[in-house]
Structures are given as C-alpha cells and as structure tokens.
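See structure below.
2 protein chains.
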Amino acid sequence: MSEERVLATYVIETPYQLEHAAVVMAGEQSTGTFVSVPGETAFIKETYGANIVRITELEPAAAPSLPGCKPPRGDANPVYRRGEVVLSFPYHNFGPSIPNLLATVAGNLYELREFSGLRLVDLDVPVQFMEKYRGPQFGIAGTRELAGVTGRPLIGTIVKPSIGLSLAELQALVRELALAGIDFIKDDELNGNPPYAPLKDRVRAVMEEIERAADKTGKKVMYAFNITGDIDELRENHDVVVEAGGNCVMVGINSVGFAGVSHLRTFSQVPIHGHRNQWGAMTRSKALGMEFRVYQKLARLAGVDHLHTNGLDNKFYESNESVVRSVRDCLTPMFGDDTVMPVLSSGQWAGTAIDSYRAMQTVDVLHLAGGGIMAHPGGVAAGVESMKQGWEAALAGHSLGEYASTHVELRQAMEKFARP
Amino acid sequence: MSEERVLATYVIETPYQLEHAAVVMAGEQSTGTFVSVPGETAFIKETYGANIVRITELEPAAAPSLPGCKPPRGDANPVYRRGEVVLSFPYHNFGPSIPNLLATVAGNLYELREFSGLRLVDLDVPVQFMEKYRGPQFGIAGTRELAGVTGRPLIGTIVKPSIGLSLAELQALVRELALAGIDFIKDDELNGNPPYAPLKDRVRAVMEEIERAADKTGKKVMYAFNITGDIDELRENHDVVVEAGGNCVMVGINSVGFAGVSHLRTFSQVPIHGHRNQWGAMTRSKALGMEFRVYQKLARLAGVDHLHTNGLDNKFYESNESVVRSVRDCLTPMFGDDTVMPVLSSGQWAGTAIDSYRAMQTVDVLHLAGGGIMAHPGGVAAGVESMKQGWEAALAGHSLGEYASTHVELRQAMEKFARP
Chain W
1 MSEERVLATY
11 VIETPYQLEH
21 AAVVMAGEQS
31 TGTFVSVPGE
41 TAFIKETYGA
51 NIVRITELEP
61 AAAPSLPGCK
71 PPRGDANPVY
81 RRGEVVLSFP
91 YHNFGPSIPN
101 LLATVAGNLY
111 ELREFSGLRL
121 VDLDVPVQFM
131 EKYRGPQFGI
141 AGTRELAGVT
151 GRPLIGTIVK
161 PSIGLSLAEL
171 QALVRELALA
181 GIDFIKDDEL
191 NGNPPYAPLK
201 DRVRAVMEEI
211 ERAADKTGKK
221 VMYAFNITGD
231 IDELRENHDV
241 VVEAGGNCVM
251 VGINSVGFAG
261 VSHLRTFSQV
271 PIHGHRNQWG
281 AMTRSKALGM
291 EFRVYQKLAR
301 LAGVDHLHTN
311 GLDNKFYESN
321 ESVVRSVRDC
331 LTPMFGDDTV
341 MPVLSSGQWA
351 GTAIDSYRAM
361 QTVDVLHLAG
371 GGIMAHPGGV
381 AAGVESMKQG
391 WEAALAGHSL
401 GEYASTHVEL
411 RQAMEKFARP
Chain C
1001 MSEERVLATY
1011 VIETPYQLEH
1021 AAVVMAGEQS
1031 TGTFVSVPGE
1041 TAFIKETYGA
1051 NIVRITELEP
1061 AAAPSLPGCK
1071 PPRGDANPVY
1081 RRGEVVLSFP
1091 YHNFGPSIPN
1101 LLATVAGNLY
1111 ELREFSGLRL
1121 VDLDVPVQFM
1131 EKYRGPQFGI
1141 AGTRELAGVT
1151 GRPLIGTIVK
1161 PSIGLSLAEL
1171 QALVRELALA
1181 GIDFIKDDEL
1191 NGNPPYAPLK
1201 DRVRAVMEEI
1211 ERAADKTGKK
1221 VMYAFNITGD
1231 IDELRENHDV
1241 VVEAGGNCVM
1251 VGINSVGFAG
1261 VSHLRTFSQV
1271 PIHGHRNQWG
1281 AMTRSKALGM
1291 EFRVYQKLAR
1301 LAGVDHLHTN
1311 GLDNKFYESN
1321 ESVVRSVRDC
1331 LTPMFGDDTV
1341 MPVLSSGQWA
1351 GTAIDSYRAM
1361 QTVDVLHLAG
1371 GGIMAHPGGV
1381 AAGVESMKQG
1391 WEAALAGHSL
1401 GEYASTHVEL
1411 RQAMEKFARP
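One line per chain: the protein sequences are W and C, in this order.
Residue numbers are given in the numbering used here: position 140 of the first sequence equals residue 140, and the series is strictly consecutive.
Each position in the second sequence, counted from 1, maps to that position plus 1000 in the numbering used here.
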C-alpha cells in the first residue's frame, strides 16, 4: 500500500484538551464511530487511521465562537482552548479524488460538538492528485500568449450593468472597450444564460464585435463568457464559445463544484476563468470553513487558469493583507508549473495599481475594474487608458499624483474615484 | 417577459439602517456596482432589479458576529441591527438554473462589508425549476416499494469501521445484516472508491451477499453504494451498481455540488441517497451561510430521494429542535409529490425511536444506527431487532422501559447505549 499521506492543517477551538480534541477529529474522519465497534482492529487503525502530526497551542478564545459545543461534563466554566492541529490521512483511504478527499478533510468534522471552532487552513496532497486532475491548462503563460500581453498585468473589466443590457447595448460596449485597447472583458457572475439574452446570442453578438475590432487593431480581446450552468450545459456552452472563436470561459466554481470545474477541464480548449462567488459563506467566519490557501489549491488542481482574489481596498469585508496573501498563494507552485493568474477585482480603478504592485510585487495579475472603467469621466476608453497609466506609474516607481499631473486620464480617475 | 419572481429571505446584521442595507443587497445582486454606471437606466433597474418585499426588525446583536464589517463613517459605537429581509428577484435574470440562481441569492453578498451577518434562511422558486430538474425520482413511496417496508421507518446501518474492511470482512458483515432482516445498509461517506478496495469490487462482493440472502429471506436489502466521485465517475459508478442489481446510490451532495446531483438525476435508475457531509461548514455559524430549509429545497430540486438530517441526541452540535425542523422540511411538499425521506443518523440506537416518533410524528424516515447496531451486545442481528422493537414501542405508545422489560434485544441496547 502507498505510504503517501495527505496533510491537513486546522485551527480548532475546544473546551477539551487539545490532544483529546485532535484524537476525536482523527477518529471521526477515519476508522471511528461514537462507540467502539467489533471490526475496528489494531490493524485497521494502524493502516487506515489518521495520525496526529503536530499540535501547536494558540491563545484561548474569550467565548465559544460557534454554537452547539458541549463542554466536558461538570466543567461549568471551561476554557475554550485554541490550537493548530496537523493531521495526516493515508492517501489510500480515498485515492486521487477531490470529492472523496473533501469528505475526509472537510466533512462531518465541522459538526462535532467537541468543537466551538474548526477551520481547515492548509492542505497538502500527494502528486497523484495532479497526475489525475492535471491542473491549469493555460495558466499565466498561456493566458498571456492568448491575450498578447507581456510585462504588465492584463487590464480588464466586467460588463456593467451586470444584467439587463440588450444585445445591441452589449455590442456597443464591447466595441468601445475593444477599440480602446482593453485586454480582457468578462461577464458578470450574475449573468449566465438568462432567458432574456441566452448565452448563444450573447456569444455571437460579442464575438462579432471582438473580431471586427481585432481586424482594426490587430488585438483580439480575451472575453470570459460566463458558461456557468448544469453539467451538460457546461460542454454545450463551452462549445458555443469555442465555435464562435471565443478564447476564454468563466465558471462560478462554487456553483458547479470542484467536480464541475474538473469536468470542464477535461475538454476545455480555452482558459477557465474561475469566479469564486459564494466563497464568503465558506470563509468569513474565522472559526469555520476554510482558508483561501486550501481553496485555491483545490481550484488549481481542478483546473482553473484564473482565480478571483478580490483587490486592494475592495468593497467587500476582506482586508488588504488577506488579498495579498491570496495573490501570493495563487503564485506559489504546488508541484511545478501550476500557478494561476490572480484576478484583482471589486472597487478597483487606476489608482489601486501602485499599491497593488507595491504590496504584491508582481505583474502576473488580471486587474479588473468595472465601475473604474465604465464610469470614468472621460468615457470607457479613457477608463482603460487610466488603468494602463496606473500600472506604468507603478512599474516606473512614480507616485500617483506625480504621474497624474502629466496624464489626464489618470487625473480624471483620481478626481472621481480616489477616497478622501 | 415572465412576471415570475424568486423570493429569498435573509437574516442580516448590520450597523446601517436596515432599509439601507437591504438596498445594498438588492443592488449588488442585480443591476448595481459600487458606483453608478452610465448604462444602469431606469428601464433596466425596473425590469431586472431586485425588489425589497419586506423588512422585519429583530433584536440587535451585542457585538458584530462576523469580522470585516465597516460601520458608517463617524459612527464610533454603532448598533448592530438585525432584521429579516425578503428580496424578490426576477426569474428572467437567471432562468431555471440552480448554479446561476446560487450566484444571485447566495453569491458575493456574503462578503459585503456593510454586513456583520448575512444568512439565507428561506428560498421560494417558481415551478419552472421543478419542470427542469424534476425533483426526487423515487421519493418516499418509491423507496418504500423497493425496500418492501410499510407502516414503519426503514431500519438501516452504516458499514463500520467506515474504512479499511477487506472484501471478505465486508461480505461477512453484509451477510449477517441481511439475514438479520435489515432494510437498508449504506457505505460510510469516507468510503468512496479507494485504491485498496475499489467500488466495483465492493459492489460485486456486496451484491453477491445481498442476492444470496434475498434467496433465503425473500427480502432484498437496499444498499446505498457511495458513488461519490468526479462527474464521469458518477455515471460509471452508477452503472456498476445498477448492472450488479444494486438498488440505491449514495452521493456526497457537497462533494459533487448540486450540479453533480442533478446530473446524476438525469440518468439514475435507482434512488439517490443524499449525504450532506461538509454541510456544517455552510451552516454552523448562525450569522453566515444558509439554513437547512434552503439547502433541502435545492437538494430535492436537484433530485435526491433521501437526505441526511442528523437524528435526535446526535453526536454533533445540532440541537434536537433543529433536527425535527429539518425532518419536517423534508416532508413538506414544494410543488406536489416532491418530498424526500429524511435520514436520521449519528449516535442513533433503538432507544431514540420513541423520542423521534413523538417529536416528528412520522414513520417516513430512514433510521440509521451504525454503532447502535454493530456494537449491540447481542451482535448485529440483535442490534437490528432492537431497532425494530424500538419502533414497535413507539408506534404502540409504550415507554422504552416497559417494552424493554419483555424484549431482550431492546433491553440489551438500553443497558449499553442509554445515557445516564
């Protein structure tokens, strides 16, 4: 049998001794049940049981973070201990299967009453997973090649309003953006395949404009069509995009599951743009769910090429520190050439380029500005230009004000979007 | 355009006025972005915008439940207001698509910084969803017919130890259970298609025993094989089960996504046993994620026939009140004949039958005891018998002690499993 193990790191909170709590986790997620059963032999425990690799005590919690925890009997005023626990699971318990891995490392254990907090913070799987799933097909280099962009981030936008544009309105917008030299456009995650404007009509309308603009400019915009849907629709929608000459598909990872993403990966001919909507539900409570570090590893294994990370000063709850850590995670190899392009998004405009570059020290990002381009006072083309100027300033080491003094689009963006 | 709407009910927590917070939610999840954009016309807002149907103020929170909330500027000591908010979304924004519906009703809004809590607590979709997804194929009646059980719950067990049994050990266990007259057996959710005992071998081994026992007893046990896996594997695994004469498949709903479940539903020839492992991560923080009421509606639409709900006095954090509500939800029709069989599980034994019947007032449950059958002092057959006796007592209105005094298997179960 394989000696390979999966390492799963948790931060736990419990009124029990950390050692006891770790034993409960390991038992629940491998050979145990609530009472000893006859067949649970020493051989089975040894061969299939989870091991406790390490326990590191952390500061205790002032109060239980999650409801339903049952402290030890007779302990009227328990200490809610916190600790980092690393468990190792035999790879042969599940094999190279993300769905079955999840049942082990992120399954019932969230519900155990011995815990008032349990969060999966890191995960290391053996290379067999990458051999099966194959990871990002295009990644950063493939995306850059298709988009024809080197030495700076891809500049992109999201079609806004998110929903409701007629095909003619959408065409006019895409035309303007494409002629303005934008690198990337994406559908909003709210816009999938709605009855009022079916995806196939949207694809035809958009690709017509993109090809026409490419004839003029020599540059073919990358457009991520939102092909999110049921399983059979993923293939149909993908084929509609590819047959129309499209060069990117977007999918809501949590809407189709990692299983849906890895299914798409088996036949996709274009990069997969991974949107993470619903992710907040899995991560915003710090005592539950999982860290982005785990999520991005699974999404990469499953085969996304781009992955949303939020951007600095976003309109969401996420801190800049967390965003920067997420970007770094996406750019950290797991088994080799398997990094993906982080997608900076939400509340982005030209002025966020300098801070982003300073904090992230990379140009390997896809920088999306929705309102920051669409609502630019000089119009959409000026919005695109301002984003490029922001990154020029960042790469040349200029301050925003300095560079804006000689670049009108950047100055207009500052006037409209800079927070006082 | 269709006048149909989707109604989504949330419990929110926010340092803003509830009305303002509801406007933010509605805007984010329909036509809005962080700044007004030129194309967001009155027509678009009216046709595609989400409406606020109702706001009901609840007791405020003492402190913010989730991190990252940004109170209004200048409000140094904000009140974290709580309220129930009902939003209505135009059906034509997404059409009958669970994946795209999720992006709207459960997407980015969890991350909005205006909120220190946001939980989806109910969801009503128009009938077009049921017309597309078709819901449970077998449901309660179809399951009862296949299992040959009327007038009482199906009595079942989970193979324990969860993992590690050799095929010969598994066969011996299944034989014993089948000859003891059990109605239902399931694989553990940890046991999918592991290299040490591939599903196809497990299916062959188990079905051999089940058919042999059926020849003797005239009763064919329903066995839920855990076919959880990647998308193409779902069909392969399903076919392996059906070709071997199997009559149920189990899938980890959150491991394959609702998209995976509804894909399986399109071709499954047997009932789908829906396991909800990982569900705790989506629900245990009361300020985040969703209520089981929403989850079970989506799982039923997607096509499960059985759905795990925990059982009374379970080993998890979930309260009995919550379990009973979940069972009732599964038994409440949405559009007609679309109820599913709730699966009572975790820490169950014969003694939980009486309380379950009293609290749930139904026999339409699948009552699973793992340790409660496997670790019964009289052996597995006595464990099964004790479960039947527990339900006899429940249905006849006897107390546990009373019925146990004349039924040895029930008495043995009490002696071992009853909590002092």
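Built from N, CA and C at the ideal position, the CB exists for glycine as well.
The structure displayed is predicted, hence computed values, not measured ones.
* State the CB to CB distance for the pair C:ASP1183 and C:VAL1149, rounded to an integer number of angstroms; the pair is presumed to be in contact (CB under 8 Å). => The beta-carbon separation of C:ASP1183 and C:VAL1149, rounded to 5 Å, stays under the 8 Å limit for a contact.
* May I have the straight-line CA-CA distance separating W:LYS416 from W:THR14, to the nearest angstrom? => Between the alpha carbons of W:LYS416 and W:THR14 lies a distance of about 49 Å.
* Could you check how far apart the C-beta atoms of W:THR283 and W:GLY289 are, in whole angstroms? I think they sit under 8 Å. => Yes, W:THR283 and W:GLY289 are in contact; Cβ-Cβ is about 5 Å, under 8 Å.
* Could you tell me whether any Cβ in chain W is nearer than 8 Å to the Cβ of C:THR1009? => By this cut-off, C:THR1009 is not an interface position.
* DSSP-derived helix/strand/coil call for W:MET414 -> Note: W:MET414 maps to helix in three-state DSSP.
* Asked: With contact counted as at least three CB pairs below 8 Å, one residue from each stretch, are the segment 56 to 70 of chain W and the segment 4 to 22 of chain W in contact?
  -> With a cut-off of 8 Å, the segment 4 to 22 of chain W and the segment 56 to 70 of chain W count as touching, because enough Cβ pairs lie within range.
* Asked: Could you check where the beta strand (DSSP E) with C:ILE1272 kicks off and where it finishes?
  -> Start and end: 1272 to 1275.
* **Boundaries (first-last residue) of the beta strand (DSSP E) holding W:VAL343** => Element bounds for W:VAL343: 341 to 344.
* Is C:THR1030 close to chain W, meaning its C-beta is less than 8 Å from at least one C-beta of that chain? -> Note on residue identity: the sequence assigns Ser, not Thr, to residue 1030 of chain C. At least one chain W Cβ lies under 8 Å of C:SER1030.
* Best match in C:GLY1107, C:GLN1412, C:HIS1367 for proximity to C:GLY1422 [C-alpha to C-alpha] -> Within the shown structure, residues of chain C are numbered from 1001 to 1420, placing residue 1422 of chain C beyond reach of any answer.
* Residues of the segment 99 to 121 of chain W whose Cβ lies closer than 7 Å to any Cβ of chain B, in chain order -> The structure shown contains no chain B; the protein chains it does contain are W and C.
* In whole angstroms, what is the alpha-carbon distance linking W:ALA381 and W:ASP124? -> So the two alpha carbons sit approximately 44 Å from each other.
* To do: State the start and end residues of the unbroken alpha helix (DSSP H) segment that holds C:MET1250.
  => No alpha helix (DSSP H) contains C:MET1250, which is instead part of the beta strand (DSSP E) from 1249 to 1252.
* CB contact flag (W:PRO136, W:ASP338, <8 Å) -> Going by C-beta atoms, W:PRO136 is nearer than 8 Å to W:ASP338.
* To do: Would you verify that the beta carbon of C:VAL1260 is, or is not, closer than 8 Å to some beta carbon of chain W?
  => For the sequence presented, residue 1260 of chain C should be read as Gly rather than Val. For C:GLY1260, the answer is yes, since a Cβ of chain W falls inside 8 Å of its Cβ.
* Asked: What are the residues of the segment 276 to 289 of chain W that lie near chain C, defined by any Cβ-Cβ distance shorter than 8 Å?
  -> Of all residues in the segment 276 to 289 of chain W, ASN277, GLN278, TRP279, GLY280, ALA281, MET282, ARG284, SER285, LYS286, ALA287, LEU288, GLY289 have a Cβ within less than 8 Å of some Cβ in chain C.
* Asked: Could you give the residue range of the alpha helix (DSSP H) that holds W:ARG119?
  -> For W:ARG119, no alpha helix (DSSP H) run applies; the uninterrupted beta strand (DSSP E) run containing it begins and ends at 117 to 124, by DSSP.
* Asked: Quick check: the segment 1326 to 1345 of chain C against the segment 1292 to 1311 of chain C, are there 3 or more CB pairs under 8 Å?
  -> The segment 1326 to 1345 of chain C is in contact with the segment 1292 to 1311 of chain C.
* Cβ neighbour criterion (16 or more within 10 Å) applied to W:MET1 -> Its pLDDT being 49, under 50, W:MET1 is placed unreliably in this model, and the coordinates cannot settle the point.
* So, using beta-carbon positions, are W:ALA442 and W:LEU167 closer together than 8 Å? -> What the structure shows of chain W is the stretch from 1 to 420, and residue 442 of chain W is not part of that stretch, so it cannot be assessed.
* To do: Taking C:VAL1256 as the query, report the chain W residues whose CB atoms sit under 8 Å from its CB, ordered along the chain.
  => In chain order: PRO99, GLY257, ALA259.
* Within 10 angstroms of the Cβ of C:SER1097, are there 16 or more other Cβ atoms? Answer buried if so, exposed if not. => It is buried - the Cβ of C:SER1097 has at least 16 other Cβ atoms within 10 Å.
* Hey, W:ILE185 and W:VAL159: beta-carbon distance below 8 Å or not? -> Yes.
* **Cutoff 8 Å: C:GLU1318 Cβ touching any chain W Cβ** => Interface residue, yes.
* **Proximity of C:GLY1063 and C:VAL1384 at Cβ, strictly below 8 Å** => Note that residue 1063 of chain C is Ala in the sequence shown here, rather than Gly. Going by C-beta atoms, C:ALA1063 is not nearer than 8 Å to C:VAL1384.
* To do: Would you check if there are 3 or more beta carbon pairs closer than 8 Å linking the segment 1112 to 1123 of chain C to the segment 1014 to 1029 of chain C?
  => Contact holds: three or more Cβ-Cβ distances are below 8 Å.
* From what residue to what residue does the beta strand (DSSP E) around C:GLU1059 run? -> Where C:GLU1059 is concerned, the enclosing beta strand (DSSP E) stretches over 1051 to 1061.
* Asked: Which same chain residues, not among the five before or five after W:ALA244, have their C-beta less than 8 Å away from its C-beta?
  -> Within the same chain, W:ALA244 has close Cβ partners VAL203, ARG204, MET207.
* **Rounded straight-line distance, which links the Cα of C:THR1217 to that of C:ALA1170** => It should be noted that the sequence gives Leu, not Ala, for residue 1170 of chain C. The alpha-carbon atoms of C:LEU1170 and C:THR1217 are separated by roughly 20 Å.
* Asked: So, is the C-beta of W:PRO72 closer than 8 Å to a C-beta in chain C?
  -> With 8 Å as the cut-off, W:PRO72 does not count as an interface residue toward chain C.
* To do: Return no unless some Cβ of chain W is closer than 8 Å to the Cβ of C:ILE1163.
  => Interface residue, yes.
* Under 8 Å between C-beta atoms, does C:ASP1230 make it to chain W? -> Interface residue (Cβ-Cβ distance to chain W less than 8 Å): C:ASP1230 is classified as such.
* Under a three-way DSSP split, which group does C:GLY1311 fall into? -> Coil.
* **Other residues of its chain near C:GLY1095: CB distance less than 8 Å, five sequence neighbours each side excluded** => Excluding sequence neighbours, C:GLY1095 sits near GLN1128.
* According to DSSP, is W:MET1 helix, strand or coil? -> Residue placement at W:MET1 cannot be trusted, given a pLDDT of 49 that sits under 50; what the coordinates show is reported in the next sentence. Correct three-state label for W:MET1: coil.
* To do: Indicate whether C:TYR1133 and C:ALA1008 have their beta-carbon atoms separated by less than 8 Å.
  => Not a contact, by the Cβ cut-off of 8 Å.
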